[in-house]
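Numbering (the working numbering), first residue to last: 5 to 287.
Don't be surprised by glycine CBs; every beta carbon is placed ideally from N, CA and C.
Quick caveat: nothing in here was measured; it's all calculated off a predicted structure.
Before any comments, here is the structure.
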Amino acid sequence: MNWREALNALHARGEAGVLVTVAAARGHTPREAGAKMLITAEHTWDSVGGGNLEATAVDRARALLATGATTPDLLTLRLTDRAANDHGRQCCGGEVTLLLEPMQAARAHVAVFGVGHVGLELARMLSRLPLHLHLVDSRAAQLTPERLSVLSDAAATLHVHHSPIPEMTLHDLPAGTHLLVMTHDHAEDAALIDAALRRSDLGFVGLIGSAAKWTRFQAQLRDLGHPPAALARVTTPIGLPDLTLGPQRKHPAVIALAVAAQLLPLIQAAPSLQTLPAAERTP
5 MNWREALNAL HARGEAGVLV TVAAARGHTP REAGAKMLIT AEHTWDSVGG GNLEATAVDR
65 ARALLATGAT TPDLLTLRLT DRAANDHGRQ CCGGEVTLLL EPMQAARAHV AVFGVGHVGL
125 ELARMLSRLP LHLHLVDSRA AQLTPERLSV LSDAAATLHV HHSPIPEMTL HDLPAGTHLL
185 VMTHDHAEDA ALIDAALRRS DLGFVGLIGS AAKWTRFQAQ LRDLGHPPAA LARVTTPIGL
245 PDLTLGPQRK HPAVIALAVA AQLLPLIQAA PSLQTLPAAE RTP
């Protein structure tokens, strides 16, 4: 896989990386201006020259990833036996300037647990956004191609999970995923909230239902060892209150609209991955 293919794969997975380009090459250098490589926390693709030059670029790129940097960085290295370095000598005799461009994680992940009337309406709205949308239900009938055909024009990347034990799917979701718990079964809801609170790396955790339902859940969750700070991570009821007023407030589409509006700022806060122009992508 070359750097172009790898960059496209990172975009599909929502994984961050740093694109390194030889911006200028003076004198004798191992690669000419325009050479590129892609670096992630664990892998690299292609090369900007090897040796101390490349090892230093990898170190700098991974430091940018570790700090969540979003602005490009320039790195100039002299390739002489007199130049201080950390990775051995590289005596080509020239000088190289590298441009390091952070490619931040692409799309937000949203998981809807329970694809009933409200869940499907919410999926229809969220599917029009560029994100990863996980639809999870313990009932296979809720996830048939015919039922989900209303999502056929989705801009989102859809991940459909038929999961008899939905909390097992929750364990596999990426860090930062926003959760909407709205299953047909209060026992399932309770198990999902318990599992969600055992992860500290999730985003929004929303639970559909009444204040009375949440009062019962809080007692159960305290008995399971969850402290008040953990319970405070749960948002319930869900949806912008101003959108759930009036005679239509219980209509599935109205509830879904209120929830989507509540999530939108969180989804938009996800940094966008810079991608290649279509003409430069590998088919």
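Return the CA-CA distance between W7 and P76, expressed in angstroms with no decimal places. Residue numbering aside, residue 7 sits at position 3 when the sequence shown is read from its first letter. Residue numbering aside, residue 76 sits at position 72 when the sequence shown is read from its first letter. Each residue's Cα considered, the two are about 18 Å apart.
Roughly how many whole angstroms lie between the Cα atoms of A65 and H32? For this step, residue 65 is matched to residue 61 along the sequence shown. For this step, residue 32 is matched to residue 28 along the sequence shown. Their Cα atoms are separated by approximately 24 Å.
Hey, would you say A210 sits closer than 7 Å to T181, going by beta carbons? One-based indexing of the sequence shown puts residue 210 at position 206. One-based indexing of the sequence shown puts residue 181 at position 177. Rather than Ala, the amino acid found at residue 210 in this sequence is Gly. Not closer than 7 Å, so no.
DSSP puts K254 in a beta bridge; with which residues? Looking up residue 254 in the sequence shown gives position 250. In the DSSP output, where bridge partners are listed per residue, K254 has none listed.
My output table needs one value for T44: the three-state DSSP class, helix, strand or coil. Here residue 44 corresponds to residue number 40 of the sequence shown, with the count starting at 1. Here T44 sits in coil by DSSP.
Among S131, S142, F221, which residue has its Cα nearest to the Cα of T173? Within the sequence shown, residue 173 is the residue found at index 169, counting from 1. Nearest of S131, S142, F221 to T173, Cα basis: S142.
Looking only at its own chain, which residues have a Cβ that is under 6 Å from the Cβ of P289, when we skip the five neighbours before and after it? Here the chain comprises residues numbered 5 to 287, so residue 289 is not present and cannot be evaluated.
Whether or not the stretch 150-161 and the stretch 175-195 are in contact is what I'm after, with contact meaning three or more pairs of Cβ atoms, one per stretch, closer than 8 Å; do they touch? Between the stretch 175-195 and the stretch 150-161 there are fewer than three inter-stretch CB-CB distances shorter than 8 Å, so the stretches are not counted as touching.
Near V116, which residues of its chain fall below 8 Å by C-beta distance, leaving aside the five closest residues on each side in sequence? Taking the sequence shown and counting its residues from 1, the one referred to as residue 116 is at position 112. Hits under 8 Å: G123, L126, A127, L130, L137, H138, L139, V140, L184, M186.
Please classify L277: is it buried, with 16 or more other beta-carbons within 10 angstroms of its beta-carbon, or exposed? For the purposes of this step, residue 277 is identified with residue 273 of the sequence shown, where counting begins at 1. For L277, the pLDDT reaches just 40, beneath the cut-off of 50, and the residue's location in the model is therefore unreliable, leaving the point undetermined.
When we look at the beta-carbon of P168 and count the other beta-carbons within 10 Å, is it buried (16 or more) or exposed? If you number the sequence shown from 1, residue 168 lands on position 164. By the neighbour-count rule (16 or more Cβ atoms within 10 Å), P168 is not buried but exposed.
Per-residue burial, H165 [other beta carbons within 10 Å of its own, 16 or more giving buried]: Indexing the sequence shown from 1 puts residue 165 at position 161. Looking at its Cβ environment, which holds 16 or more other Cβ atoms inside 10 Å, H165 is buried.
P106 (DSSP reduced to helix, strand or coil): Residue mapping note: residue 106 aligns to position 102 of the sequence shown, counting from 1. In the structure shown, P106 sits in a strand (DSSP, three-state: E or B).
Using the Cα positions of I259 and L57, report the straight-line distance between them to the nearest angstrom. Taking the first residue of the sequence shown as 1, we reach residue 259 at position 255. Taking the first residue of the sequence shown as 1, we reach residue 57 at position 53. Cα-Cα distance, rounded: 55 Å.
I need the straight-line Cα distance from G229 to V52, nearest angstrom please. Here the question's residue 229 lines up with position 225 in the sequence shown. Here the question's residue 52 lines up with position 48 in the sequence shown. Using only the alpha carbons, I get a separation of about 52 Å.
Who are the near neighbours of A262 in its chain, counting only those whose CB is closer than 6 Å to its CB and skipping five residues on each side? Taking the sequence shown and counting its residues from 1, the one referred to as residue 262 is at position 258. So the list reads G243, L244, L247, T248, once near-sequence residues are dropped.
Quick check on the DSSP output: the alpha helix (DSSP H) that includes D198 runs from which residue to which? Locating residue 198 in the sequence shown gives position 194, counting from the first residue. Residues 190-201.
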